[in-house]
Amino acid sequence: MTDILIHTTGGHQVTCVPNAFIDEYMQDANGEFVKIYLYLLRMLSHGEGNFCVSAMADKFNYTESDVRRGLSYWEKMHLLHLEHDATGNLTGICLLEPQGCSQVMVSPSSVGIATETAPAPAKKPQTSNTTVSQYTPEEITAFCEQNSVRELVMVSERYIGHPLTMTDMNTILFWYDNLHFSTEMIEFLVEYCVEKGHGSIHYMNKVAMNWAEDGISTLDEAKNTANIHSQSYYAVMKAFGISGRNLVSKEIAFIDKWTNQYGFSLDIITEACGRTIRNIGKASFDYADTILTSWHKKGILHLEDISSLDKAHANGKTMVQPKTVKPTNNRFHNFEQRNYDDDFYENLEQQLLRK
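Number 523 marks the last residue of the sequence shown (our numbering); no jumps.
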């Protein structure tokens, strides 16, 4: 196959997008969130227009909540930082370039878009378990002198499908050095995420951080947790009839909430999914969450509890108090009832026969 030349007949009105964003962040992000990030870069490049959440929502036909969720997502991915005043109002957005090269400011004021270049943040000492450490080439070389680490790098490259970047290496070594995951546990983490269709190191890091927060520190614990989560995900996907795609982060968060926070078993969760389909005719995680939240508040623990709740609800509907019938003030009924004996009817019959 011959090479294809990409060129343009346009001018130089362009917006620069960091290659690291395209290579590392974009593939796992929701398409709506990508639009929001690109538009922020567009405004920074040309300083056009006044930034506000409602204006961006109108431009892309989003809700304001959609825009705020997108901004929060990129903040979690460490590509921007949202700044608020004492009352919680959004006052600024600090865009962080990948690898922490520099920072630029976007001000959502009514007077325009302000841009400002700030110095790169100083490298923090390795005192936190939540921030990926930045290792020097010498440190990386020293780690790779260990046979287990060198083999881990080779296995990870096979699963991910390309040579590890510096970001990949820093993240994997962070799991090994700061989170104290064994090389076998890290290999399983990479394999598990790739099999779920998530080959991004950023997605893998989120899984690793969740494991660390849950106190998972051994390979057996990781396998057990992954097995439980996989069973939950596939059960919900089957109940909702979802196929041909992976669950998005919001859907996964719902399932984690139902299993971890509420402690529901799969039969209760799938029952809620089934009722969702029957009630509204389509899959809806929000609707199912309403059902499960209601059950959680009522202390539901087993399917039998749901049956009892259904019966009580049905009885409450059928036990209708009879209405009291008020006497009608009708002039045709406002007379004294007469009593007729047999002689009266016999005399009446004789009178009719004579006629």
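Virtual Cβ for every residue (Gly too), placed ideally from N, Cα, C.
| Per DSSP, what kind of secondary structure is Gly-367 in: helix, strand or coil? | coil
| task | Identify whether Gly-467 lies in helix, strand or coil by the three-state DSSP scheme. | result | coil
| task | Report all residues from its chain with a CB closer than 6 Å to the CB of Asp-435; omit the five preceding and five following residues, and keep chain order. | result | Leu-471
| Going along the chain, which residues of its own chain have a beta-carbon closer than 6 Å to the beta-carbon of Ser-277, five neighbours each way excluded? | For Ser-277, the predicted model reports a pLDDT of 43, less than 50, meaning its position is unreliable; a value from the coordinates is still stated below. Cβ neighbours of Ser-277 beyond the five flanking positions: none.
| message | Rounded to the nearest angstrom, what separates Leu-357 and Phe-311 at their Cα positions? | response | 19 Å
| query | Hey, how far is the Cα of Gly-280 from the Cα of Leu-209? | reply | Here the model assigns Gly-280 a pLDDT of 37, short of 50, so the residue's position is not dependable and the matter cannot be decided.
| task | Measure the alpha-carbon distance for Ala-480 versus Ile-468 and round it to whole angstroms. | result | 14 Å
| CB-CB under 8 Å to Leu-206, same chain, minus the five flanking residues each way: which ones, in chain order? | Thr-183 and Val-185
| Quick one: Cα of Leu-248 to Cα of Leu-239, how far? | 8 Å
| Whole-angstrom C-beta distance between Trp-343 and Ala-376, which should lie under 8 Å | 5 Å
| query | The beta strand (DSSP E) with Leu-250 in it runs from where to where? | reply | 248 to 252
| query | Helix, strand or coil: how does DSSP classify Gly-260 here? | reply | strand
| query | What are the complete alpha helix (DSSP H) segments, minimum 4 residues, inside the stretch 307 to 368? | reply | 315 to 328, 334 to 345 and 351 to 363
| task | Mark Leu-320 as exposed unless 16 or more other C-beta atoms lie within 10 angstroms of its C-beta, in which case mark it buried. | result | buried
| message | Given a cut-off of 9 Å on the beta-carbon distance, is the pair Tyr-327 and Gly-367 in contact? | response | yes
| request: Put Phe-189 into one of helix, strand or coil per three-state DSSP. | output: helix
| field | Helix, strand or coil at Lys-425 [DSSP, three-state] | value | helix
| field | Cβ separation of Ile-474 and Trp-463, assumed to be a contact under 8 Å, to the nearest whole Å | value | 7 Å
| query | Could you give the C-beta distance for Ser-316 and Thr-351, rounded to a whole number, given that I count them as a contact under 8 Å? | reply | 4 Å
| Whole-Å CB distance - Ile-437 paired with Leu-460, under 8 Å assumed | 7 Å
| Extent of the continuous alpha helix (DSSP H) to which Arg-237 belongs | 232 to 244
| request: Would you kindly work out how many angstroms separate the C-alpha atoms of Lys-227 and Asn-378, rounded to a whole number? | output: 35 Å
| task | May I have the straight-line CA-CA distance separating Thr-335 from Ser-222, to the nearest angstrom? | result | 35 Å
| From this set, Ala-188, Ser-476 and Asn-257, which residue's C-alpha is nearest Met-245's C-alpha? | Ala-188
| request: Output the distance between the C-alpha atoms of Glu-419 and Tyr-455, rounded to the nearest integer angstrom. | output: 12 Å
| query | So, helix, strand or coil for Ile-410, using DSSP? | reply | coil
| query | CB-CB under 8 Å to Lys-391, same chain, minus the five flanking residues each way: which ones, in chain order? | reply | Phe-356
| Quick one: is Ser-539 buried, meaning 16 or more other Cβ sit within 10 Å of its Cβ, or exposed? | Here the chain covers residues 169 to 523 and nothing more, so residue 539 does not appear.
| request: Flag this pair as yes or no: are the beta carbons of Val-416 and Asn-198 separated by less than 9 Å? | output: yes
| query | Which of the three DSSP states, helix, strand or coil, is assigned to Gln-399? | reply | helix
| field | Same chain, Cβ closer than 7 Å to Asn-338, five either side skipped, listed in chain order | value | Val-300, Ser-301, Gln-302 and Tyr-303
| field | Nearest-angstrom Cα separation, counted from Glu-192 out to His-330 | value | 12 Å
| field | Asn-414, buried or exposed, once every other Cβ within 10 Å from all chains shown has been counted against 16 | value | exposed
| request: Decide if Ile-369 is buried, meaning its Cβ has at least 16 other Cβ atoms within 10 Å, or exposed. | output: buried
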